[in-house]
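A.B. asks: First the structure, which I've put down as structure tokens, then a few questions once you've had a look.
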Amino acid sequence: MGFGFTLAILVIPLAMFLLLGLAGHKMKPATAGILGTLGLGISFVLSLLTAYLYFFASHAEAGFKPIIPLVFEWMRFTPTLQIDLGILLDPISIMMLVVVTTISFMVHIYSNGYMKGDDGFQRFFAFLSLFTFSMLGLVVATNLFQMYIFWELVGLSSYLLIGYYYTKPSAVAASKKAFIVTRFADLGFLVGILIVSYLTGTFDFAELTDPSGPAFTEGKGILFLGMSTMSWALIFIFMGGAGKSAMFPLHIWLPDAMEGPTPVSALIHAATMVVAGVYLVARLFPVFAIAAPDAKEIVSYVGAFTALFAATVACTQFDIKRVLAYSTMSQIGYMMLALGVSGYGGEEGLGFMASNFHLFTHAMFKALLFLGAGSIIHAVHSNDMREMGGLKKYMPITFTTFLIGWLAISGFPGLSGFFSKDEILVAAFNHNKIIFYTAVLVAGMTAFYMSRLFFSVFFGKEQHYHHAPHESPKTMTIPLMVLAFASLFGGFIPFHNLVTSDGMHFETEFHWNIAIPVTLFAFAGIALAYVLYYKPSTKSDKIVATLKGFHKAAYNKFYIDEIYMFVTKKILFGLISAPIAWFDRQIVDGSMNAIGYITAFTSEKIKKLQSGQVQKYGFVFVSGVIALMLVFVYLYSE
87 MGFGFTLAIL VIPLAMFLLL GLAGHKMKPA TAGILGTLGL GISFVLSLLT
137 AYLYFFASHA EAGFKPIIPL VFEWMRFTPT LQIDLGILLD PISIMMLVVV
187 TTISFMVHIY SNGYMKGDDG FQRFFAFLSL FTFSMLGLVV ATNLFQMYIF
237 WELVGLSSYL LIGYYYTKPS AVAASKKAFI VTRFADLGFL VGILIVSYLT
287 GTFDFAELTD PSGPAFTEGK GILFLGMSTM SWALIFIFMG GAGKSAMFPL
337 HIWLPDAMEG PTPVSALIHA ATMVVAGVYL VARLFPVFAI AAPDAKEIVS
387 YVGAFTALFA ATVACTQFDI KRVLAYSTMS QIGYMMLALG VSGYGGEEGL
437 GFMASNFHLF THAMFKALLF LGAGSIIHAV HSNDMREMGG LKKYMPITFT
487 TFLIGWLAIS GFPGLSGFFS KDEILVAAFN HNKIIFYTAV LVAGMTAFYM
537 SRLFFSVFFG KEQHYHHAPH ESPKTMTIPL MVLAFASLFG GFIPFHNLVT
587 SDGMHFETEF HWNIAIPVTL FAFAGIALAY VLYYKPSTKS DKIVATLKGF
637 HKAAYNKFYI DEIYMFVTKK ILFGLISAPI AWFDRQIVDG SMNAIGYITA
687 FTSEKIKKLQ SGQVQKYGFV FVSGVIALML VFVYLYSE
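Counting in our numbering, the sequence shown runs from 87 upward without gaps.
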């Protein structure tokens, strides 16, 4: 069986977007929800079929090779440089097809309950379909420019969904912030694409990632500031990935993106926009690893710092969705650092496999946690953890599924997050001890802040709720149960035989010398949170008082937003733009206005010469003749 049917995986969400966007207002909300969900359900089934045929029915003992079931020329620039549109199937793109359609399908089912009664119900499902189509087009792109097209569509979709509540000023501001920050990052991506195409003469991933291709020979001998031109090109490309994946210092849009509906947050954080940057680096990984090791080193340190920075901030936040947002930022940093410490080929590519493994497991438990948070918010009508507590007895299904998500992200032995994090830590230990110890510290902090959230919400002090909290409807709890199942057993998927840096299988072994101490460190984080938050106490307040300035800085996100505002308003606008604007108004516009004024003044003075009276014309003519005669007489008399 061929793979031509994979085109339908993309076409169906696009068709749903067009149908619901153009005719949704004529449908009943329930009909629009069913259509959108059914469309994603078909794409989900087709993605699973694609994965089965590629990974298991092909019996590729010698490794997995890329397949291009569809490609056609779109634009040609030179005899050798062109842009194609098509579908590229290989281990990472097929893995992403499964991740995106699984999470989007669960979000669609969930949204039928969560968004019920919303005035823009049909519009919401149209935007969800567009978001899914954009991400699917990105992951199957055959070349850099096709990826860039869908990359921008992902940005547009996020703008529409973050700002879904367009009558709410904070939502509008958050959508604009996400759009503007990622546009700056995408400029770097575009510059990188142009440099790579100039050096190699191609946009195609098949040629770019071929170790014998032009990407591994061209530009290596041309140095700028001590790095090769190819390294600089990939640093610019990584800038685009850092923007989408909210890596420091381009992370400021992500916490504010929580203004969108909670199902949107789950989709952004688990399967679409935020993981796009990781996928971009993974897609070009052979070039990073072989032709541009300097760029790969930058990826590792940016990822490690981002993971630590975000985990620190997450420990201080009280908005349940913001805690999860910073958690995502930290976990994406984990994935980036894993790519940064990885080699290429065989066991050297452990970090690559581990990064994609964690992307997969994280998608399941992070979607579970966000949808669980949505269920909690739906019950108590608040995002503030200080207004929650004692919800275990009111919401048993949400509690049980959230418990699984909490343990998975905390690295509890046997759950999916435990296995994928362990592989990342092993890869870091083998290549960079500084990054390894940073990752260990982040693992303990992750267990702490997620336990803080869990104990505060489901235990702690029971609040006096206006209405008794209740369990969410089945449309919301069924996706929670499906994702909980994936979080429980997803770690047993043999990724080392499926998704590797060179497509070849390799064997892995469990490293008890790393797993045991890291797990004990995570348990210490859980224990500390238990002591502080399981029961009402003032212990946490005393710790906050002890930390004083550091806690305040972390709570205020280390004032990065304020620094950005200072740089833009005071320096860029005040010191640079204001003088330029003055020069433009006073000198450029002033000189043009002066020319206009002089012209008008002169015309006003001489317009009487054109009065239309014959007598005046005769007088002027005779006067001119007499004046000329006098001049000639004067000149010739000498």
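All C-beta atoms, glycine included, are put in the ideal place defined by N, C-alpha and C.
Within 10 angstroms of the Cβ of glutamate 690, are there 16 or more other Cβ atoms? Answer buried if so, exposed if not.
C.D. replies: For the purposes of this step, residue 690 is taken as residue 604 along the sequence shown, with counting starting at 1. By the 10 Å Cβ count, glutamate 690 comes out exposed.
A.B. asks: Does the beta-carbon of glutamine 672 have 16 or more other beta-carbons within 10 angstroms, so that it is buried, or is it exposed?
C.D. replies: On the sequence shown, position 586 is the one that residue 672 refers to. Exposed, since its Cβ has fewer than 16 Cβ neighbours within 10 Å.
A.B. asks: Just list the residues that DSSP pairs valine 771 with in beta bridges.
C.D. replies: The structure shown does not extend to residue 771, since the chain is modelled only from 87 through 724, so no value can be given for it.
A.B. asks: May I have a chain-ordered list of the alpha helix (DSSP H) segments no shorter than 4 residues that lie completely inside the region 596-627?
C.D. replies: Fully enclosed alpha helix (DSSP H) runs of 4 or longer: 598-619.
A.B. asks: Indicate the three-state DSSP secondary structure (helix, strand or coil) for asparagine 642 in the structure shown.
C.D. replies: Residue 642 sits at position 556 when you count from the first residue of the sequence shown. Asparagine 642: coil per DSSP, three-state reduction.
A.B. asks: Relative to the C-alpha of alanine 449, which candidate in Gly530, Leu574 and Glu293 has its C-alpha closest?
C.D. replies: On the sequence shown, residue 449 is found 363 positions in, with the first residue counted as 1. Among Gly530, Leu574 and Glu293, the Cα nearest to that of alanine 449 is on Leu574.
A.B. asks: Taking C-alpha atoms, which residue in Gly203, Leu606 and Phe451 lies nearest to leucine 527?
C.D. replies: In the sequence shown, counting from the first residue as 1, residue 527 sits at position 441. When each option's Cα is compared against that of leucine 527, the closest is Leu606.
A.B. asks: Using 10 angstroms around the beta-carbon of isoleucine 649, count the other beta-carbons present and answer buried if the total reaches 16, otherwise exposed.
C.D. replies: Here residue 649 refers to the residue found at position 563 of the sequence shown. Exposed, since its Cβ has fewer than 16 Cβ neighbours within 10 Å.
A.B. asks: What is the DSSP secondary structure of methionine 192, counted as helix, strand or coil?
C.D. replies: Position 106 of the sequence shown, counted from the first residue, corresponds to residue 192. Of the three classes helix, strand and coil, the one that applies to methionine 192 here is helix, per DSSP.
A.B. asks: In the DSSP assignment, find the alpha helix (DSSP H) that holds glutamate 159 and state where it starts and stops.
C.D. replies: What you label residue 159 is simply residue 73 of the sequence shown in a count that begins at 1. Premise fails: glutamate 159 lies in the beta strand (DSSP E), 153-162, not in any alpha helix (DSSP H).
A.B. asks: DSSP has tyrosine 169 in a bridge; who is on the other side?
C.D. replies: Locating residue 169 in the sequence shown gives position 83, counting from the first residue. The amino acid occupying residue 169 in the given sequence is isoleucine; tyrosine does not appear at that position. Its beta-bridge partners are Met161.
A.B. asks: Check the C-beta distance from isoleucine 95 over to serine 129 and give it rounded, since I have them as a contact under 8 Å.
C.D. replies: Residue numbering aside, residue 95 sits at position 9 when the sequence shown is read from its first letter. Residue numbering aside, residue 129 sits at position 43 when the sequence shown is read from its first letter. That belief holds up - the Cβ atoms of isoleucine 95 and serine 129 are roughly 5 Å apart, short of 8 Å.
A.B. asks: So alanine 397 and tyrosine 535 are in contact, right, with Cβ under 8 Å, and what is the actual spacing, rounded?
C.D. replies: By 1-based counting over the sequence shown, the position of residue 397 is 311. By 1-based counting over the sequence shown, the position of residue 535 is 449. Yes, they are in contact, since the Cβ atoms of alanine 397 and tyrosine 535 sit about 7 Å apart, within 8 Å.
A.B. asks: Give me the Cα-Cα distance between isoleucine 662 and isoleucine 692, rounded to the nearest whole angstrom.
C.D. replies: Numbered from its first residue, the sequence shown carries residue 662 at position 576. Numbered from its first residue, the sequence shown carries residue 692 at position 606. Near 44 Å, if we compare the C-alpha coordinates of isoleucine 692 and isoleucine 662.
A.B. asks: Using a Cβ-Cβ cut-off of 7 Å (strictly less than) and excluding sequence neighbours within five positions of alanine 440, which residues of its own chain qualify?
C.D. replies: For the purposes of this step, residue 440 is taken as the residue at position 354 of the sequence shown. Contacts found: Ala424, Ser506, Glu509, Ile510 and Ala513.
A.B. asks: Measuring straight from C-alpha to C-alpha, what distance separates tyrosine 138 and proline 580?
C.D. replies: For this step, residue 138 is matched to residue 52 along the sequence shown. For this step, residue 580 is matched to residue 494 along the sequence shown. Those two C-alpha atoms are separated by around 14 Å.
A.B. asks: At what residues does the alpha helix (DSSP H) containing tyrosine 387 begin and finish?
C.D. replies: For the purposes of this step, residue 387 is taken as residue 301 along the sequence shown, with counting starting at 1. Its alpha helix (DSSP H) spans residues 379-400.
A.B. asks: Which same chain residues, not among the five before or five after valine 282, have their C-beta less than 6 Å away from its C-beta?
C.D. replies: Within the sequence shown, numbered from 1, the residue matching residue 282 stands at position 196. Cβ within range, chain order: Ala319.
A.B. asks: Straight-line CA distance for glycine 172 to glycine 530?
C.D. replies: Position 86 of the sequence shown, counted from the start, is the residue given in the question as residue 172. Position 444 of the sequence shown, counted from the start, is the residue given in the question as residue 530. Answer to the nearest angstrom: the Cα atoms are 43 Å apart.
A.B. asks: What residues in its chain sit with their C-beta under 6 Å from that of serine 179, if we drop five residues either side in the sequence?
C.D. replies: Along the sequence shown, read from residue 1 onward, the residue named residue 179 stands at position 93. These residues qualify, in order along the chain: Val225 and Val226.
A.B. asks: Buried or exposed for tryptophan 339, please, with buried defined as at least 16 other CB atoms from any protein chain shown within 10 angstroms of its CB.
C.D. replies: As a working mapping, residue 339 is identified with position 253 in the sequence shown. Result: buried.
A.B. asks: Using the rule of at least 16 other Cβ atoms within 10 Å of the residue's Cβ for burial, across every protein chain shown, is asparagine 599 buried or exposed?
C.D. replies: In the sequence shown, counting from the first residue as 1, residue 599 sits at position 513. Classification of asparagine 599: exposed, given that the 10 Å Cβ count is below 16.
A.B. asks: In its own chain, which residues sit with a C-beta less than 6 Å from the C-beta of valine 653, not counting the 5 before and 5 after it?
C.D. replies: The count along the sequence shown starts at 1 and reaches residue 653 at position 567. Nothing listed; no residue qualifies.
A.B. asks: DSSP beta-bridge partners for asparagine 229?
C.D. replies: For the purposes of this step, residue 229 is taken as residue 143 along the sequence shown, with counting starting at 1. Partner(s): Asp290.
A.B. asks: Would you identify the three-state DSSP class for serine 428, choosing helix, strand or coil?
C.D. replies: Stepping through the sequence shown from its first residue, residue 428 is reached at position 342. Reduced to three states, the DSSP call for serine 428 is coil.
A.B. asks: If you draw a straight line from the C-alpha of valine 157 to the C-alpha of threonine 228, how long is it?
C.D. replies: Indexing the sequence shown from 1 puts residue 157 at position 71. Indexing the sequence shown from 1 puts residue 228 at position 142. Each residue's alpha carbon lies about 8 Å from the other.
A.B. asks: What residues in its chain sit with their C-beta under 8 Å from that of tyrosine 620, if we drop five residues either side in the sequence?
C.D. replies: Residue numbering aside, residue 620 sits at position 534 when the sequence shown is read from its first letter. Cβ neighbours of tyrosine 620 beyond the five flanking positions: Phe541, Phe545 and Gly546.
A.B. asks: What are the residues that DSSP puts in a beta bridge with aspartate 470?
C.D. replies: Counting from one through the sequence shown, the residue named residue 470 turns up at place 384. Answer is Asp405, bridged to aspartate 470.
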